[in-house]
Amino acid sequence: MSGPSVQAGKVSRRGLLLGAAGAAGLLLVGWGVIPPRSRQGKPELWLVGEGEVALNGWIKVLADGGVALAMPRSEMGQGVHTALAMLVAEEMDLPLARVQVVQAGADKIYGNVAMFVASLPFHPALSEGAAPPFKVRAAEWLVAKVARELGINATGGSSSVADAWEPVRAAAATARAALLGAAAAQWKLPVAELAIVEGVIRHPSGAQAHFGQLARSASATPPGTVTLKAHADFKLLGRAAPRLDLPSKVDGSAVFGLDVRLPDMAFAAIRMCPVLGGAPGAFDANVALRMPGVVRVMSLPSYAGSTAGVAVVASSYWQAQQAVRALNIAWRHPVGPLADSANIRQQLLSEVETGSGFEFYAEGDVKAAEAGASRVVEAVYDAPYLAHATLELMNCTAQVRPDGISVWVPTQVPQMAAALAARVAGVRADQVAVTVTQLGGGFGRRLEVDVVGQAVRIAMECGGRPVQLIWSREEDFGHDFFRPMHVARLRGSLSDSGELQSLSVASAGDAITPRWMARTLPALAGPMDTPDKTTAEGLFDQAYRVPHQSMRHAATRHGVPVGFWRSVGHSHNAFFLESFVDELASAASVDPVVFRRKLLADAPRHLAVLNLAAERAQWGQPLPAGRARGVALHESFGSIVAQVAEVSLVGTGVRVHRVVCAIDCGQVINPDTVAQQMEGSVVFALSAALFGGVDIEGGAVKGGNFGEHRLLPMAQAPEVQTHIVPSHRPPAGVGEPGVPPLAPAVGNAIAVLTGRRARRLPLA
98 MSGPSVQAGK
108 VSRRGLLLGA
118 AGAAGLLLVG
128 WGVIPPRSRQ
138 GKPELWLVGE
148 GEVALNGWIK
158 VLADGGVALA
168 MPRSEMGQGV
178 HTALAMLVAE
188 EMDLPLARVQ
198 VVQAGADKIY
208 GNVAMFVASL
218 PFHPALSEGA
228 APPFKVRAAE
238 WLVAKVAREL
248 GINATGGSSS
258 VADAWEPVRA
268 AAATARAALL
278 GAAAAQWKLP
288 VAELAIVEGV
298 IRHPSGAQAH
308 FGQLARSASA
318 TPPGTVTLKA
328 HADFKLLGRA
338 APRLDLPSKV
348 DGSAVFGLDV
358 RLPDMAFAAI
368 RMCPVLGGAP
378 GAFDANVALR
388 MPGVVRVMSL
398 PSYAGSTAGV
408 AVVASSYWQA
418 QQAVRALNIA
428 WRHPVGPLAD
438 SANIRQQLLS
448 EVETGSGFEF
458 YAEGDVKAAE
468 AGASRVVEAV
478 YDAPYLAHAT
488 LELMNCTAQV
498 RPDGISVWVP
508 TQVPQMAAAL
518 AARVAGVRAD
528 QVAVTVTQLG
538 GGFGRRLEVD
548 VVGQAVRIAM
558 ECGGRPVQLI
568 WSREEDFGHD
578 FFRPMHVARL
588 RGSLSDSGEL
598 QSLSVASAGD
608 AITPRWMART
618 LPALAGPMDT
628 PDKTTAEGLF
638 DQAYRVPHQS
648 MRHAATRHGV
658 PVGFWRSVGH
668 SHNAFFLESF
678 VDELASAASV
688 DPVVFRRKLL
698 ADAPRHLAVL
708 NLAAERAQWG
718 QPLPAGRARG
728 VALHESFGSI
738 VAQVAEVSLV
748 GTGVRVHRVV
758 CAIDCGQVIN
768 PDTVAQQMEG
778 SVVFALSAAL
788 FGGVDIEGGA
798 VKGGNFGEHR
808 LLPMAQAPEV
818 QTHIVPSHRP
828 PAGVGEPGVP
838 PLAPAVGNAI
848 AVLTGRRARR
858 LPLA
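Set out below in structure tokens:
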């Protein structure tokens, strides 16, 4: 049987590769015709039940005519389960309520490379497919290529919908074509005369059948030419739809990691060395073993970058937690100087003054432009370490049996969780079954798998009994993989008429990607101190047209565990750049919006977003006494967001009353979700901008709970208005792009109110 031909105006090679099954000529989207035990890589969750038929690796038809979608992405509040289900419902002309979601786990056929392609440098001035005008490390391209071949599956980089846009629609359209073909063959009628209405195939003669009645025949029917719907034919996409995950979250039936309950399950609590990189020394385990319910006490080494510690297993988590706290542990500190955030900041300041580092982008002659400039403006900005502070504590449930390992975990990277579990237990990766629960917040923290290694090691000591490991909030704050501290020195030169002639940035901060690769994919990890695009993004790829530019970043290493934090390098680099752009506008005596408009003459998408935000925020119109507006614009993860913040000062604090957001995120799947993500991003980013920061002294994190790490109170949450720029471009990110512009927009408003520029986060 030959594979189907997919048409949709233009389907990328990547979209087709995701479907290719190799020599057999079939598409993975059509592998339902292969006998079940011959479907290499078919997830166990996809085994068909009574009356069910798997038409391909993504789509299974249920007996009642509904459809199940294999969901390879983790749901952590971003609405991806609803968004991908909407793609299926649209292409199959099926009510959204008839699409079920089945978590697909770690199977290779659902792999993406978003987390790896995201590390490849680019510049928006390039035409598609052009060669970058700056150095590109061959190692990054190699990592992306290998990751694609391995089929690595990750939920991150705001890429889930963008990554699924073609393959999931193609899978659904292929299933639809096969069902129509089966109906045509069974009824001996032309396919062109058939129509699908609400999941029922109909013919004017009166013949009709739902998908379940035709699925068995469809599994053996060649789909032929498969056509994806044109934008003009969308009935569901682009319109508000109810979130599929909300009912279960309201009635409590949703299963998060902490909700997992298994027969005879034990619970574990952990204390890691308070000093990062340390380890436990001597302690009397009998102190804990004599306490109620305690069954085991053990030392734990470092797993995937974690700090070593001690775990206690008991009949309840409360018993385990009380027992581990009762232990008097003599901690051993790591060899060498202990991390100190104040000292690290001084080192980073020295780094940017030297102008060293990797030059990600260069254009023109900055030195010559500065020499002939009317005025040169210079400023140094910095941002602190930040914790993720996910609502759901870090946790993992593990069971180790002679025939294999089972892991239940809220994770963004199920394959990497399985790989670490296999390494810890000394078994093959295919002997590990990973069940991905819902995530009570991710923000990048659950791209780490340290807790999986710990849980599996604990379970190995418990004789086949399942064990749920739960970190305390103090352990969470003390042993996060923090957003790195960063410092940037920015210089801009202005002409006599106030035109921006040159812009140079030298930034410094610990590299994230090489550390993360070493922890989670050690077989693919390269040098630990190579240039890291993820920490420099948002500076070298900025959209403003400036004739002379130099963008350098020094990748440093200071012994503090660092990781991906929501919007990664954009989160601090937008604060640096957009605050500095306001400084330049002030130096040129030009309104900040007008100043940006001039710089965006060659960037119509960015200009449209800026203009929409300014218009809806009534930029330039009078405000109540004591209030000011600040604006910021930033592109990240393929989306462009402008925000205007309306701010006042209350005593010694900052109050943000309203934030107007404009976003161009390409084709919108569900506008309600876009608005929700902008609202969540504003509150998340505002907490960080006003209160966020992690201080480290003597190698230990100061403050262990929300008393020291403040969040924005609900009563101070601003009104958030979201306006979407219509677009037919493929979907881009939504979960993260709303974060970067918030801090500079608020900071720019504070500068208007006080006449002083806040160049250091947090602002309050």
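When the letters of the sequence shown are read in order and numbered with my numbering, they come out as residues 98 to 861.
Glycine residues also receive a C-beta, built at the ideal position from the N, C-alpha and C atoms.
As the structure is a prediction and not an experimental result, all values here were calculated from the model.
Helix, strand or coil at residue i according to DSSP, with G and I counted as helix
{"i": "residue 175", "result": "coil"}
{"i": "residue 819", "result": "strand"}
{"i": "residue 316", "result": "coil"}
{"i": "residue 733", "result": "strand"}
{"i": "residue 207", "result": "helix"}
{"i": "residue 675", "result": "helix"}
{"i": "residue 555", "result": "helix"}
{"i": "residue 138", "result": "In this predicted model, residue 138 has a pLDDT of only 35, less than 50, meaning its place in the structure is not dependable; the value taken from the coordinates is given anyway. Here residue 138 sits in coil by DSSP."}
{"i": "residue 452", "result": "coil"}
{"i": "residue 259", "result": "helix"}
{"i": "residue 216", "result": "Unreliable placement is indicated for residue 216, whose pLDDT of 41 sits below 50; no coordinate value is reported for it."}
{"i": "residue 611", "result": "helix"}
{"i": "residue 856", "result": "coil"}
{"i": "residue 232", "result": "Confidence is the limiting factor: at residue 232 the pLDDT is only 37, short of 50, which leaves the residue's position unreliable, though a coordinate-based value still follows. Residue 232: coil per DSSP, three-state reduction."}
{"i": "residue 667", "result": "helix"}
{"i": "residue 573", "result": "helix"}
{"i": "residue 542", "result": "helix"}
{"i": "residue 646", "result": "strand"}
{"i": "residue 694", "result": "helix"}
{"i": "residue 195", "result": "helix"}
{"i": "residue 600", "result": "strand"}
{"i": "residue 307", "result": "strand"}
First through last residue of the alpha helix (DSSP H) which encompasses residue i
{"i": "residue 851", "result": "839–851"}
{"i": "residue 415", "result": "414–423"}
{"i": "residue 806", "result": "Counting along the chain, residue 806 falls outside any alpha helix (DSSP H), and DSSP gives it neither H nor E."}
{"i": "residue 769", "result": "768–788"}
{"i": "residue 278", "result": "264–284"}
{"i": "residue 618", "result": "Here residue 618 belongs to no alpha helix (DSSP H), and DSSP marks it neither H nor E."}
{"i": "residue 512", "result": "511–522"}
{"i": "residue 631", "result": "630–633"}
{"i": "residue 348", "result": "343–348"}
{"i": "residue 531", "result": "Element bounds for residue 531: not the alpha helix (DSSP H) but the beta strand (DSSP E), 529–533."}
Beta-carbon proximity of residue i to residue j, cut-off 8 Å
{"i": "residue 847", "j": "residue 840", "result": "no"}
{"i": "residue 646", "j": "residue 696", "result": "no"}
{"i": "residue 353", "j": "residue 417", "result": "no"}
{"i": "residue 611", "j": "residue 627", "result": "yes"}
{"i": "residue 741", "j": "residue 829", "result": "no"}
{"i": "residue 837", "j": "residue 664", "result": "yes"}
{"i": "residue 783", "j": "residue 753", "result": "yes"}
{"i": "residue 286", "j": "residue 298", "result": "no"}
{"i": "residue 651", "j": "residue 454", "result": "yes"}
{"i": "residue 815", "j": "residue 771", "result": "no"}
{"i": "residue 574", "j": "residue 390", "result": "no"}
{"i": "residue 737", "j": "residue 761", "result": "yes"}
{"i": "residue 449", "j": "residue 256", "result": "no"}
{"i": "residue 474", "j": "residue 589", "result": "yes"}
{"i": "residue 538", "j": "residue 811", "result": "no"}
{"i": "residue 825", "j": "residue 486", "result": "no"}
Integer Cβ distance of residue i from residue j, believed to fall under 8 Å
{"i": "residue 482", "j": "residue 793", "result": "7 Å"}
{"i": "residue 766", "j": "residue 183", "result": "6 Å"}
{"i": "residue 508", "j": "residue 546", "result": "7 Å"}
{"i": "residue 415", "j": "residue 492", "result": "Actually they do not touch by this definition, with Cβ atoms about 15 Å apart."}
{"i": "residue 572", "j": "residue 367", "result": "6 Å"}
{"i": "residue 296", "j": "residue 148", "result": "With a Cβ gap of about 16 Å, residue 296 and residue 148 do not count as contacting."}
{"i": "residue 392", "j": "residue 424", "result": "About 15 Å; that fails the 8 Å criterion."}
{"i": "residue 671", "j": "residue 729", "result": "7 Å"}
{"i": "residue 677", "j": "residue 597", "result": "That belief does not hold up - the Cβ atoms of residue 677 and residue 597 are roughly 11 Å apart, past 8 Å."}
Residue interval of the beta strand (DSSP E) (run including residue i)
{"i": "residue 157", "result": "156–158"}
{"i": "residue 704", "result": "Premise fails: residue 704 lies in the alpha helix (DSSP H), 701–713, not in any beta strand (DSSP E)."}
{"i": "residue 587", "result": "583–591"}
{"i": "residue 761", "result": "750–761"}
{"i": "residue 492", "result": "492–498"}
Open item on the list: What ranges does the beta strand (DSSP E) occupy inside the region 350–433, keeping only unbroken runs of at least 3 residues that lie completely in it?
Closed with: 363–369, 391–397 and 406–411
Task: Residue ranges of each beta strand (DSSP E) within the region 433–488, 3 or longer - done: 455–460 and 472–480
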